[in-house]
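J.: Take a look at the following structure, please.
There are 2 protein chains.
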Amino acid sequence: MTEEIVTRRTGGRAGRQAARAHAAVARVPFLTRTLKPFEVLDEEGLSLIEHNADTILQEVGLEFRGDPAALTLFRNAGADVQGERVRFPRGMCRQIVQASAPSSYVQHARNPEQSVTMGGPHTVFAPAYGSPFVRDLDGGRRYGTIEDFRNFVKLAYLSPHLHHSGGTVCEPVDVPVNKRHLDMVYSHMRDSDKPFMGSVTTPERALDTVAMARILFGEAFVRDNTVITSLINANSPLVWDSTMLGAARAYAEANQATIMTPFILAGAMSPVTVAGAAAQTLAEALGGMAFVQLVRPGAPVILGSFASSMSMQSGAPTFGTPEPALVLYVMAALARRLGVPFRSGGSLCASKVADAQAAYESAATLQPTVLGGTNFVLHAAGWLEGGLTMGYEKFILDADQCGMMGVFVRGVDLSENGQALDAILHNEPGQHYLGSAHTLANFETAFYRSDTADNNSFEQWLEDGSQDAPVRANKVWKRMLASYEAPPIDPGIDEALRDFIARRKASMPDLAS
Amino acid sequence: MTEEIVTRRTGGRAGRQAARAHAAVARVPFLTRTLKPFEVLDEEGLSLIEHNADTILQEVGLEFRGDPAALTLFRNAGADVQGERVRFPRGMCRQIVQASAPSSYVQHARNPEQSVTMGGPHTVFAPAYGSPFVRDLDGGRRYGTIEDFRNFVKLAYLSPHLHHSGGTVCEPVDVPVNKRHLDMVYSHMRDSDKPFMGSVTTPERALDTVAMARILFGEAFVRDNTVITSLINANSPLVWDSTMLGAARAYAEANQATIMTPFILAGAMSPVTVAGAAAQTLAEALGGMAFVQLVRPGAPVILGSFASSMSMQSGAPTFGTPEPALVLYVMAALARRLGVPFRSGGSLCASKVADAQAAYESAATLQPTVLGGTNFVLHAAGWLEGGLTMGYEKFILDADQCGMMGVFVRGVDLSENGQALDAILHNEPGQHYLGSAHTLANFETAFYRSDTADNNSFEQWLEDGSQDAPVRANKVWKRMLASYEAPPIDPGIDEALRDFIARRKASMPDLAS
Chain A
8 MTEEIVTRRT GGRAGRQAAR AHAAVARVPF LTRTLKPFEV LDEEGLSLIE HNADTILQEV
68 GLEFRGDPAA LTLFRNAGAD VQGERVRFPR GMCRQIVQAS APSSYVQHAR NPEQSVTMGG
128 PHTVFAPAYG SPFVRDLDGG RRYGTIEDFR NFVKLAYLSP HLHHSGGTVC EPVDVPVNKR
188 HLDMVYSHMR DSDKPFMGSV TTPERALDTV AMARILFGEA FVRDNTVITS LINANSPLVW
248 DSTMLGAARA YAEANQATIM TPFILAGAMS PVTVAGAAAQ TLAEALGGMA FVQLVRPGAP
308 VILGSFASSM SMQSGAPTFG TPEPALVLYV MAALARRLGV PFRSGGSLCA SKVADAQAAY
368 ESAATLQPTV LGGTNFVLHA AGWLEGGLTM GYEKFILDAD QCGMMGVFVR GVDLSENGQA
428 LDAILHNEPG QHYLGSAHTL ANFETAFYRS DTADNNSFEQ WLEDGSQDAP VRANKVWKRM
488 LASYEAPPID PGIDEALRDF IARRKASMPD LAS
Chain B
8 MTEEIVTRRT GGRAGRQAAR AHAAVARVPF LTRTLKPFEV LDEEGLSLIE HNADTILQEV
68 GLEFRGDPAA LTLFRNAGAD VQGERVRFPR GMCRQIVQAS APSSYVQHAR NPEQSVTMGG
128 PHTVFAPAYG SPFVRDLDGG RRYGTIEDFR NFVKLAYLSP HLHHSGGTVC EPVDVPVNKR
188 HLDMVYSHMR DSDKPFMGSV TTPERALDTV AMARILFGEA FVRDNTVITS LINANSPLVW
248 DSTMLGAARA YAEANQATIM TPFILAGAMS PVTVAGAAAQ TLAEALGGMA FVQLVRPGAP
308 VILGSFASSM SMQSGAPTFG TPEPALVLYV MAALARRLGV PFRSGGSLCA SKVADAQAAY
368 ESAATLQPTV LGGTNFVLHA AGWLEGGLTM GYEKFILDAD QCGMMGVFVR GVDLSENGQA
428 LDAILHNEPG QHYLGSAHTL ANFETAFYRS DTADNNSFEQ WLEDGSQDAP VRANKVWKRM
488 LASYEAPPID PGIDEALRDF IARRKASMPD LAS
């Protein structure tokens with residue numbers, strides 16, 4: 008295998024205090040790309056998009072709804088504020104962002120070996136986010152539960168190719184809406200030791216996430232370090248609303264990271280064209296990131312972009328088409344020019360099941376995601392049906408593709424062993440290489456080994472029951488869950504987390520929203 | 008639809024003479040890429056591979072087996088010939104190729120509107136090639152027949168996203184081995200009007216192909232123009248054998264094009280490493296292309312590369328892995344530096360059926376194929392099971408992906424309409440774009456429309472019978488074949504072709520090889 012499998016050691020404050028032995032879990036480090044990103048626009052084209060974004064910010068501006076404090080921040084910074092509409096002098100948002108936003112940051116995991124760097128040449132894969140439904144081959148499609156949620160946290164923990172535990176890996180609809188964030192954040196903290204995302208559905212739930220992080224990591228550590236990265240969506244076109252602003256403020260004040268993400272279904276939330284969607288995305292993201300920097304200069308912030316095309320017949324979002332891929336490449340380049348980390352892409356698809364449509368569409372999203380130089384990849388595994396469903400088999404198949412990307416971005420080995428010139432010079436024409444010393448010395452690591460592909464002969468495949476990819480993936484996730492062992496945690500910390508959750512749950516009635 | 012659908016007119020010598028009206032068939036021109044190719048090696052890395060290829064050619068050399076005339080050609084050109092082993096002074100092959108091989112050429116179709124340019128910024132998609140088996144959802148996997156062959160020629164003719172009819176789209180095993188090339192070439196000529204490939208299984212069959220082309224296009228036209236492009240595989244490592252050399256000679260002497268292709272299953276036919284496989288591929292291809300240029304300076308020749316990884320457990324070829332993608336990017340760059348058209352890639356997979364594995368693997372091959380700047384893409388549609396099987400449903404699904412690539416390579420529209428700035432400036436925050444004048448003016452062409460993806464709601468999809476991608480594709484190819492009308496042909500030419508075939512068939516007994 009070409010993946011660098013490292014054996015996990017327990018570590019960190021929690022880990023160091025955990026004495027008991029723990030089975031090693033395979034882990035592949037987050038990606039460090041050695042290849043230059045693929046570019047679809049030159050300097051002139053990118054400058055044009057930036058110019059248009061500034062024109063939008065200046066002439067139309069953005070609305071910051073239901074958050075008077077945000078308006079005050081912008082007014083004091085020099086923006087033109089009329090009601091909830093904020094218009095920005097040309098270049099103002101860019102200057103605010105560039106003055107204090109870090110170009111990259113470390114998101115610490117409770118196991119320090121699982122910490123990730125967001126930005127620069129790095130790419131971090133996280134599971135899909137936000138699906139109300141889950142699907143597996145056995146039960147079909149159904150509402151997600153807290154058990155499903157924990158299963159996906161465990162699968163991401165066990166998958167060597169996912170570097171991040173994600174956030175709302177599915178909606179646990181069996182837990183009251185106003186309490187489920189506590190169970191979700193706890194699952195990320197307890198069932199995994201990878202970095203995770205926090206709740207954003209109300210500012211209070213964001214504060215609960217920060218409070219739990221302080222219990223897990225210690226107050227001082229959280230003050231000085233980023234241990235949460237959370238997803239803040241714009242209400243496109245050109246609106247940031249109070250819920251999201253409140254959650255972003257809660258995290259920024261605690262020095263925690265946010266991903267300021269225009270969510271663009273082009274044709275509905277933006278014009279249908281690539282250059283139009285990109286300019287609007289940049290304008291919205293700049294406003295959101297400037298807000299974060301005004302709340303707390305230096306708080307880590309990621310430029311997010313989620314762009315899909317749509318069926319102009321039905322209005323349904325479509326994925327894996329060429330247009331969103333072009334938007335992604337443009338936005339990645341714009342984020343590099345701005346000097347902030349970039350989030351986009353994933354394994355997106357419209358397909359209801361993990362079939363060829365799902366795979367083609369996912370690949371047509373993941374390739375640009377990686378080749379464009381995306382830093383944080385939400386939705387890297389499990390996404391089905393435009394994000395409505397989290398698929399168990401899809402998760403396994405996608406994670407395998409993430410593994411291949413990890414090998415690809417390392418590029419071509421030009422070492423003497425990589426060149427293999429001696430092997431060729433000492434091999435006669437017509438003589439195969441299966442037994443050559445060079446092959447024997449390298450075959451273990453020569454090629455990526457998929458854990459889901461069937462490369463056997465047709466006859467062998469028939470004998471094995473003619474299993475297609477989802478059938479094989481179904482066995483993989485069941486085997487993984489059966490093998491799961493929780494990573495160690497300090498019992499005192501675990502108890503404190505449980506106490507906090509119990510007190511918070513007892514403090515309010517169950518609510519459905 | 009973003010595809011530029013052009014209405015076919017009948018044309019060409021044959022077409023002009025055909026008087027009867029003919030239904031218009033949708034056609035999308037071959038790709039003209041506007042984006043710079045993705046590069047995985049810099050100047051220094053590429054020079055190193057070139058240097059190693061020259062070292063291989065100089066120190067080990069190539070064997071040209073069973074073809075004394077080839078040895079004489081090389082000896083006269085200054086190579087060191089010992090038995091069948093030919094060693095080349097450093098740079099010799101490159102100089103021969105660069106002295107006379109065209110950097111691009113037009114392959115003429117009998118319908119001039121279907122002619123394609125091979126080389127430069129262009130990409131031409133052709134069906135898969137060489138499968139003994141075919142598969143469809145109804146009948147499963149079975150040996151291919153001449154009826155299957157004709158079906159795939161018709162499907163490629165009807166598919167707007169395939170620009171070339173290909174060659175052995177499947178083996179028609181119900182026709183004697185020594186006669187089937189006549190039926191295959193005739194099907195390409197009669198059932199389609201797109202450009203096609205010729206027979207290479209013996210030099211005589213190549214000559215039959217040229218003779219038939221002379222009947223179809225006229226002797227003078229064939230003398231002065233390229234109307235056939237054929238696939239010549241090396242017997243890697245480092246061997247060209249007499250059958251392939253003889254076929255290549257037959258085409259080159261007739262001024263027809265050949266694709267000189269090392270066929271590398273890395274680990275068996277080359278070292279396991281990317282840089283090793285690339286250096287060997289370049290060495291073999293340089294020798295093959297130099298041979299063609301010595302036979303007839305100026306005959307069009309394409310640098311071919313087929314590289315797959317392998318399962319080091321079973322020895323089976325594996326596809327869609329990162330390593331062959333890296334080889335492809337390297338070889339595409341090397342062909343550009345050499346100044347000849349490049350052939351590689353396609354929609355390759357090891358999967359037995361058109362499932363998620365097939366799609367992931369195919370996409371992981373087709374993306375590098377297009378982003379790397381490949382000029383001629385054999386195996387763009389239909390490939391299953393490492394090339395053993397041509398799939399009807401896979402063909403339809405792959406062709407749809409080819410269509411998306413055609414849109415992607417055009418890049419970002421930065422026209423005023425593409426920027427859509429006015430539309431954004433005249434839209435209020437929070438107001439959707441579904442009814443905006445810009446959307447209404449552009450929605451027909453805004454996004455690629457897949458003819459195989461289901462983007463409907465889950466409920467609608469359920470109501471439609473929960474069809475997965477192959478089930479929908481099954482309907483598409485049946486609908487296409489039901490709608491097929493043969494393109495018009497001059498009856499005199501058709502009769503002459505049939506006469507030629509009848510005479511050739513009568514001249515020899517049926518043979519099984």
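Which chain is which? The protein sequence lines are A and B, in order.
Just so you know, we're using this note's numbering here: the first sequence kicks off at 8 and counts up by one.
Just so you know, we're using this note's numbering here: the second sequence kicks off at 8 and counts up by one.
Beta carbons are placed, not taken as given, at the ideal position from N, Cα and C, and that holds for glycine.
1. So with Cβ pairs under 8 Å, would you call residue 99 of chain A a contact of chain B?
2. Indicate the three-state DSSP secondary structure (helix, strand or coil) for residue 396 of chain A in the structure shown.
3. Would DSSP call residue 267 of chain A helix, strand or coil?
4. Please list the segments of the beta strand (DSSP E) lying wholly inside the stretch 200 to 228 of chain A, counting only runs of 3 or more residues, in order along the chain.
5. Hey, out of A:508, A:104 and A:53, whose CA is closest to residue 303 of chain A's CA?
6. Could you tell me whether any Cβ in chain B is nearer than 8 Å to the Cβ of residue 89 of chain A?
7. Is it true that the CB of residue 460 of chain A sits closer than 8 Å to the CB of residue 364 of chain B?
8. Leaving out five residues before and five after residue 310 of chain B in sequence, what residues of the same chain have Cβ atoms less than 6 Å from its Cβ?
9. Quick check on residue 411 of chain A - is its C-beta less than 8 Å from some C-beta in chain B?
10. Go through its chain and collect everything with a Cβ distance to residue 86 of chain A's Cβ below 7 Å, but skip five positions before and after it.
11. Counting pairs of Cβ atoms below 8 Å between the stretch 295 to 302 of chain B and the stretch 253 to 271 of chain B, do you hit three or more?
12. Which residue wins for smallest C-alpha separation from residue 67 of chain A, given the options B:243, B:433, B:383 and B:339?
13. How about residue 45 of chain A: is its C-beta nearer than 8 Å to some C-beta of chain B?
14. Could you check the C-alpha separation between residue 374 of chain B and residue 225 of chain A for me, to the nearest Å?
15. What does the alpha-carbon distance come out to for the pair residue 277 of chain B and residue 244 of chain B?
16. Tell me which same chain residues have a C-beta within less than 8 Å of the C-beta of residue 28 of chain A, skipping the five on either side of it?
17. Work out the CA separation of residue 164 of chain A and residue 203 of chain A for me, nearest whole Å.
18. Can residue 353 of chain A and residue 40 of chain A be called in contact, C-beta distance under 8 Å?
19. Going straight from the alpha carbon of residue 513 of chain A to that of residue 420 of chain A, what length do you get?
20. Output yes or no for whether 8 Å exceeds the beta carbon distance between residue 182 of chain A and residue 159 of chain A.
21. Of all the options A:475, A:250 and A:377, which has the alpha carbon lying nearest to the alpha carbon of residue 358 of chain B?
22. Tell me, which residues are paired with residue 70 of chain A by DSSP?
23. Near residue 515 of chain B, what residues of its chain come up, given a Cβ to Cβ distance below 8 Å and the 5 sequence neighbours on each side ignored?
24. With respect to the beta strand (DSSP E) encompassing residue 367 of chain A, which residues constitute its N-terminal and C-terminal limits?
25. How about residue 329 of chain B and residue 131 of chain A: do their beta carbons lie closer than 8 Å?
26. Beta carbon of residue 308 of chain A, beta carbon of residue 70 of chain A: below 8 Å?
27. Spell out whether any CB of chain A is found under 8 Å from the CB atom of residue 150 of chain B.
28. Let's see if you can read the secondary structure: which residues bound the alpha helix (DSSP H) around residue 465 of chain A?
29. Tell me, please, which residues DSSP counts as bridged to residue 349 of chain A.
30. Please report the distance separating the alpha-carbon of residue 59 of chain B from that of residue 166 of chain B.
31. How would you label residue 50 of chain B, buried or exposed, when you count the other beta carbons within 10 angstroms and need 16 or more for buried?
32. Could you check the C-alpha separation between residue 283 of chain B and residue 126 of chain A for me, to the nearest Å?
33. Assuming residue 53 of chain A and residue 344 of chain A make a contact with CB atoms under 8 Å, what is their CB distance in whole Å?
34. Looking at residue 237 of chain B: is its Cβ nearer than 8 Å to the Cβ of residue 213 of chain B?
35. In chain order, what residues of the same chain have a beta carbon less than 8 Å from the beta carbon of residue 493 of chain B, not counting five sequence neighbours either side?
36. Using a cut-off of 9 Å between C-beta atoms, extract the partners of residue 233 of chain B located in chain A.
T.: So, to answer that:
1. So no, residue 99 of chain A is outside the interface.
2. strand
3. Correct three-state label for residue 267 of chain A: strand.
4. The qualifying runs do not exist here; there are none.
5. With respect to the C-alpha of residue 303 of chain A, the residue from A:508, A:104 and A:53 having the closest C-alpha is A:104.
6. no
7. It is a contact, given that the beta carbons lie within the stated cut-off.
8. 292, 342, 347 and 349
9. yes
10. 93, 94, 95 and 99
11. yes
12. B:433
13. yes
14. 46 Å
15. 6 Å
16. Because residue 28 of chain A carries a pLDDT of 39, less than 50, the predicted location of this residue cannot be relied on, and the following value inherits that uncertainty. Counting only Cβ-Cβ distances below 8 Å, and skipping sequence neighbours, we find nothing.
17. Their backbone Cα atoms lie some 11 Å apart in a straight line.
18. no
19. 58 Å
20. no
21. A:475
22. BP columns for residue 70 of chain A point to A:92 and A:246.
23. 185 and 186
24. No beta strand (DSSP E) contains residue 367 of chain A, which is instead part of the alpha helix (DSSP H) from 363 to 378.
25. Going by C-beta atoms, residue 329 of chain B is not nearer than 8 Å to residue 131 of chain A.
26. no
27. no
28. 465 to 470
29. A:310
30. 42 Å
31. exposed
32. 33 Å
33. Correct: roughly 6 Å between the Cβ atoms.
34. Between residue 237 of chain B and residue 213 of chain B, the CB-CB gap stays under 8 Å.
35. Same-chain partners within the cutoff: 197 and 198.
36. Those within 9 Å of residue 233 of chain B in chain A number zero; the least Cβ separation is about 31 Å.
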